[in-house]
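Counting in this note's numbering, the sequence shown runs from 339 upward without gaps. Glycine residues also receive a C-beta, built at the ideal position from the N, C-alpha and C atoms.
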Amino acid sequence: MNKITIYLTQTCGFCHAAKRLLEKRGISYEEIDISSDLEGRGEMMRKSNGMRTVPQIFLNNKHVGGFSELYTLQQSGELEKLLKD
């Protein structure tokens with residue numbers, strides 16, 4: 339089963355947009371709110387090669403990127419392909 343993890347903050351509009359995109363497609367995900375979680379923020383930065391912005395999205399521990407990259411994957415049909423692998 340595929341695992342999607344989103345590192346986010348509650349005040350981030352792009353984070354909410356990423357969640358809506360996944361929910362609309364019926365795709366479940368785990369969210370990690372790094373608003374006040376320094377350990378989670380550090381983990382996100384290590385896994386994403388130093389990225390500090392949110393959201394940072396991972397599919398099966400592979401870094402997808404942020405909302406723009408997720409949206410592009412969805413629009414091109416690649417997200418569905420990745421979820422089938």
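The three-state reading of DSSP puts Thr343 in strand, counting E and B together. Taking the Cβ atoms as the reference, Tyr345 lies roughly 5 angstroms from Ile370, within the contact range of under 8 angstroms.
By a beta-carbon distance limit of 8 angstroms, Leu408 contacts Ile395. Their separation comes to about 5 angstroms. Excluding its 5 nearest sequence neighbours in each direction, Ala355 has C-beta neighbours in its own chain below 6 angstroms: Phe405, listed in chain order. The stretch 351-383 contains, as complete alpha helix (DSSP H) runs of 4+ residues, the segments 351-362 (chain order).
At least 8 angstroms separates the beta-carbon of His401 from that of Lys419. In this chain, the beta strand (DSSP E) harbouring Gln394 covers 394-397. When the alpha-carbon of Ile342 is set against those of Gly403, Met382, Glu416, Glu368, the nearest one is in Glu368. A straight-line Cα-Cα distance of about 14 angstroms links Gly380 and Thr347.
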